[in-house]
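Since the structure comes first, as structure tokens, the remarks are kept for the end.
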Amino acid sequence: MSVERELAELVNAIQSCRKCRLHKTRRMPVVGEGRLDAMYMFVGEAPGREEDLQGRPFVGAAGRILTDALLSAGVAREEVYITNVVKCRPPGNRKPMPDEVSACLPYLLEQIRLIRPMGICLLGQVALNAILGLGSITRARGRFFEWKGIKVFPTYHPAATIYRPELREIFFSDIKRFVRKMQA
Ligand code: URA
Ligand code: SF4
Numbered sequence: 289m290s291v292e293r294e295l296a297e298l299v300n301a302i303q304s305c306r307k308c309r310l311h312k313t314r315r316m317p318v319v320g321e322g323r324l325d326a327m328y329m330f331v332g333e334a335p336g337r338e339e340d341l342q343g344r345p346f347v348g349a350a351g352r353i354l355t356d357a358l359l360s361a362g363v364a365r366e367e368v369y370i371t372n373v374v375k376c377r378p379p380g381n382r383k384p385m386p387d388e389v390s391a392c393l394p395y396l397l398e399q400i401r402l403i404r405p406m407g408i409c410l411l412g413q414v415a416l417n418a419i420l421g422l423g424s425i426t427r428a429r430g431r432f433f434e435w436k437g438i439k440v441f442p443t444y445h446p447a448a449t450i451y452r453p454e455l456r457e458i459f460f461s462d463i464k465r466f467v468r469k470m471q472a
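The following block contains the structure:
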């Protein structure tokens, strides 16, 4: 089956998914968007309010920061693939619970299998823990890890730079470093 076809089936599965409680409160599931042949992916936590309304990842305040950081690294967001660990919005933007992450993670793993990226940038603690099983974003950020033959690079979640402006510069330079490595 073609990647397009398999991804279309994945979209259908997510649209009708009821594997965890988040299906009850979501407006629109957010599958992800970007190129199916993207060289690298960005993985966030879960949709927020704006994402839940539009059905698109990273279109709110955190999304603007991610989009800006990509642009400052010379990349348009259409060139990459952007998604989240959890596809439905947790009420009030609370952190997804461990059972919600376990229920949803197979969809992300399937997306990674289909897109076959060279690298994955993990945005924040939830993505770091879901993929690498690590706990501290402060310690793990800015380093390349090898995972299933893919270069995995954790950094802060862009939303963290709203509450802690001192992280903004680090976030922007991390994104730049990740992009450079992918283009090398
Ligand atoms: N925060 C995330 O983790 N993902 C989004 O898509 C938007 C905000
Ligand atoms: Fe299914 Fe994931 Fe949505 Fe839970 S968050 S209902 S597992 S798509």
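With our numbering applied, the sequence shown covers 289 to 472.
The beta-carbon is built from N, C-alpha and C at its ideal position, and this holds for glycine as well.
{"Query": "From the DSSP output, which residues share a beta bridge with residue 434?", "Result": "439"}
{"Query": "Please find out if some non-hydrogen atom of the ligand URA comes closer than 7 Å to the beta-carbon of residue 318.", "Result": "yes"}
{"Query": "Using a strict less-than 7 Å threshold between each residue's beta carbon and the heavy atoms of the ligand URA, what residues do you get?", "Result": "318, 332, 333, 334, 335, 336, 339, 345, 346, 348, 350, 351, 372, 411, 412, 445 and 447"}
{"Query": "Looking at the secondary structure, which residues open and close the beta strand (DSSP E) in which residue 470 lies?", "Result": "Careful: residue 470 lies outside any beta strand (DSSP E), inside the alpha helix (DSSP H) at 456-471."}
{"Query": "In whole angstroms, give me the CA-to-CA distance for residue 440 and residue 432.", "Result": "6 Å"}
{"Query": "Between which residues of its own chain and residue 388 is the CB-CB distance below 8 Å, once the five residues before and five after are set aside?", "Result": "308, 309, 310, 374 and 378"}
{"Query": "Compute the Euclidean distance between the alpha carbons of residue 312 and residue 460, then round it to the nearest angstrom.", "Result": "36 Å"}
{"Query": "Taking 7 Å as the cut-off, does the CB of residue 383 come closer than this to any heavy atom belonging to the ligand SF4?", "Result": "no"}
{"Query": "To the nearest angstrom, how far is the alpha carbon of residue 450 from that of residue 289?", "Result": "42 Å"}
{"Query": "In the DSSP assignment, find the alpha helix (DSSP H) that holds residue 411 and state where it starts and stops.", "Result": "Unbroken run through residue 411 is the beta strand (DSSP E), 407-411; no alpha helix (DSSP H)."}
{"Query": "I think residue 435 touches residue 422, with their Cβ atoms under 8 Å apart; what is that distance to the nearest whole Å?", "Result": "Between residue 422 and residue 435 the Cβ distance is about 11 Å, and since that is not below 8 Å, they are no contact."}
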